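Inspection log for the structure reproduced underneath, given as structure tokens.
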Amino acid sequence: MNEKQHLMHRIQMADFALVDAKLYLDTHPCDMDAMEYYREQLRKSTMLREEYEEQYGPITPRGSAHKDSWCWALTPWPWEMEA
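Structure below.
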């Protein structure tokens, strides 16, 4: 696994944790520990996405918004990524 793939894997793990925490919070909305865990994973996901996009380009069109050009269309599509 190269560094690009490793970073994407870390993003996917953080995003999975976000979905899992969200589902838990749907049934336990007053659990402050779970809410803090959700916020922690959200910060982690945001940081990892920023790092990835800085090095390899946008993951989603939203990642092109802060650039000088619309680079979203210039990067490989998800199905064109290396295995």
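Counting from -2, one number per residue, gives the positions in the sequence shown under the numbering used here.
All C-beta atoms, glycine included, are put in the ideal place defined by N, C-alpha and C.
Nothing here was measured: the structure is a model prediction, and the numbers come from that model.
Under the three-pair Cβ rule at 8 Å, the region 7 to 16 counts as touching the region 42 to 57. If you draw a straight line from the Cα of GLU50 to the Cα of TRP74, it comes to about 14 Å. For the 9 Å CB-CB criterion, LEU4 and GLU48 form a contact. Between LEU22 and MET32, the C-beta spacing is below 9 Å. Residue burial annotation: PRO55 is buried, with at least 16 other C-beta atoms found within 10 angstroms of its C-beta. In the same chain as ASP28, and ignoring 5 residues on each side of it, the C-beta atoms closer than 8 Å to its own belong to TYR21 and LEU22, in chain order.
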